[in-house]
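Step one of this worksheet: look at the structure below.
Protein chains: 2
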Amino acid sequence: MFTIGKASEQSGVNIETIRYYEREGIVPKPGRSAGGRRLYSPDEIAKLRFVRRCRDLGFPISIIQTFLSLTEQDDRSCGEVKTLAENHLDEINAKIENLTRLREALLSLSSNCDDGTADCPMLDSLMKDGFGESGSEQSRH
Amino acid sequence: MFTIGKASEQSGVNIETIRYYEREGIVPKPGRSAGGRRLYSPDEIAKLRFVRRCRDLGFPISIIQTFLSLTEQDDRSCGEVKTLAENHLDEINAKIENLTRLREALLSLSSNCDDGTADCPMLDSLMKDGFGESGSEQSRH
DNA sequence: ACTTGCTCCTGTAGCCACTACAGGAACTAA
DNA sequence: TTAGTTCCTGTAGTGGCTACAGGAGCAAGT
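From first to last, the protein sequence lines stand for chains D and G.
With the working numbering, letter number 87 in the first sequence gets 170, and the count goes up by one each step, no holes.
With the working numbering, letter number 96 in the second sequence gets 179, and the count goes up by one each step, no holes.
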């Protein structure tokens, strides 16, 4: 059994984050020592590491909770996992596309932007009327 | 002069967000009608639109505030803008790289994941000891 | 036995940039 | 006048943590 500090080291999850996961019911409450300290088994540490790796892959907590419940009941888990992973891949691809378009926009805006000029062409075009948009979009995640 | 609804339409900024920007001092407080309603001039609407466009480009509010103060005093603004834009471009590029690596990782993980299997190889490898990491990293933005 | 210094505990508040109410006041059109 | 719409303030919630404050427990050295 390991204290929270060791569990943090071994799982790569910050101590405060571990306590947060417990508060939120993302991982089960561990046992306690006589003095009231949390004690983690290797299995519980593996679970923490699993959550961190999923977070590193960009999965939101809600999906990770589904993953965790799928690992409990080992009943036809793989199909559902694959679907969730594919949806997540689609989101990642969409983000990459967005960022790439954004980069192009920013590049072309800042390219006219030379040191020494009094009026900045980038700020100018961002302030102008009807510049890169077709109407009032009003959509942001 | 326009009410907040028209200002929202014309700038593309949500009504609640406009009020939030005002509360936070990101845009100056507009005048009010006899009945206490906010009234926006075309210039103030242009400022809101500017903020939205910068947000669309991914700039954080803190940077946008710098931009706004630079547009007030038209003193050698362009050099500073260019630097901020380049730093932001670096961040965007870093994000794209991260997401691309993430996509590869997720693809290779989920590729072994076929429907019908009892134990999911993706969840399996995420749960295992020492799989894709060199030690205890502990670094997340 | 006592002290030093580390780890741990709970509880609360802050981060970013919004978004979503609730409960009421003020306009506008029929 | 009345119904419907827009606006007002104030507060709380979102996600996923992170950062305290103020105290208790514990291990090693003297």
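We put the CB at the ideal spot given by N, CA and C, even for glycine.
Subject >> Whole-angstrom C-beta distance between residue 94(D) and residue 132(D), which should lie under 8 Å >> reply: Position 49 of the first sequence, counted from the start, is the residue given in the question as residue 132(D). Position 11 of the first sequence, counted from the start, is the residue given in the question as residue 94(D). A Cβ-Cβ distance of about 4 Å is found for the pair residue 132(D) and residue 94(D), placing them in contact under the 8 Å criterion.
**OP:** Using a Cβ-Cβ cut-off of 8 Å, state whether residue 112(G) counts as contacting chain D.
**Re:** Your numbering for residue 112(G) matches position 29 in the second sequence. No, because no Cβ of chain D sits closer than 8 Å to the Cβ of residue 112(G).
Subject >> Uninterrupted alpha helix (DSSP H) stretches inside the stretch 85 to 166 of chain D (no shorter than 4 residues) >> reply: Those alpha helix (DSSP H) runs which fall completely within the stretch 85 to 166 of chain D and span 4+ residues are 87 to 94, 98 to 106, 125 to 139 and 144 to 155.
Original post:
Which of helix, strand or coil does DSSP assign to residue 195(G)?
Top reply: Along the second sequence, one-based indexing puts residue 195(G) at 112. Coil.
Original post:
DSSP three-state call for residue 223(D): helix, strand or coil?
Top reply: By one-based count along the first sequence, residue 223(D) stands at place 140. For residue 223(D), the predicted structure reports a pLDDT of 38, less than 50, and the residue's modelled location is therefore unreliable. A value from the coordinates is still provided. Residue state, collapsed to three classes: coil.
Original post:
Is residue 178(G) helix, strand or coil when you go by DSSP?
Top reply: The residue you call residue 178(G) lines up with position 95 of the second sequence. DSSP places residue 178(G) in helix when its eight states are reduced to three.
Original post:
Is residue 161(G) near the ligand GTP, in the sense that its beta carbon is under 7 Å from a heavy atom of that ligand?
Top reply: In the structure on display, the ligand GTP does not appear, and there are no ligands present to speak of.
**OP:** Along the alpha helix (DSSP H) that carries residue 207(D), what are the first and last residues, could you check?
**Re:** Counting from 1 along the first sequence, the entry for residue 207(D) is found at position 124. Residues 204 to 210.
Original post:
Quick one: does residue 85(D) have its CB under 8 Å from some CB of chain G?
Top reply: Stepping through the first sequence from its first residue, residue 85(D) is reached at position 2. Closer than 8 Å to the CB of residue 85(D) there is not a single CB belonging to chain G.
**OP:** Would you kindly check if the distance between the Cβ of residue 164(G) and the Cβ of residue 28(D) is under 8 Å?
**Re:** With chain D represented from 84 up to 224, any question about residue 28(D) goes unanswered, as that position is not in the structure.
**OP:** For chain G, find out if any of its Cβ atoms is closer than 8 Å to the Cβ of residue 183(D); answer yes or no.
**Re:** In the first sequence, counting from the first residue as 1, residue 183(D) sits at position 100. Chain G contact via Cβ: present.
**OP:** Just mark residue 177(G) as buried or exposed, buried being the case when its beta carbon has 16 or more other beta carbons within 10 Å.
**Re:** As a first step, residue 177(G) must be located in the second sequence, where it is residue number 94. When all chains shown are included, residue 177(G) counts as exposed.
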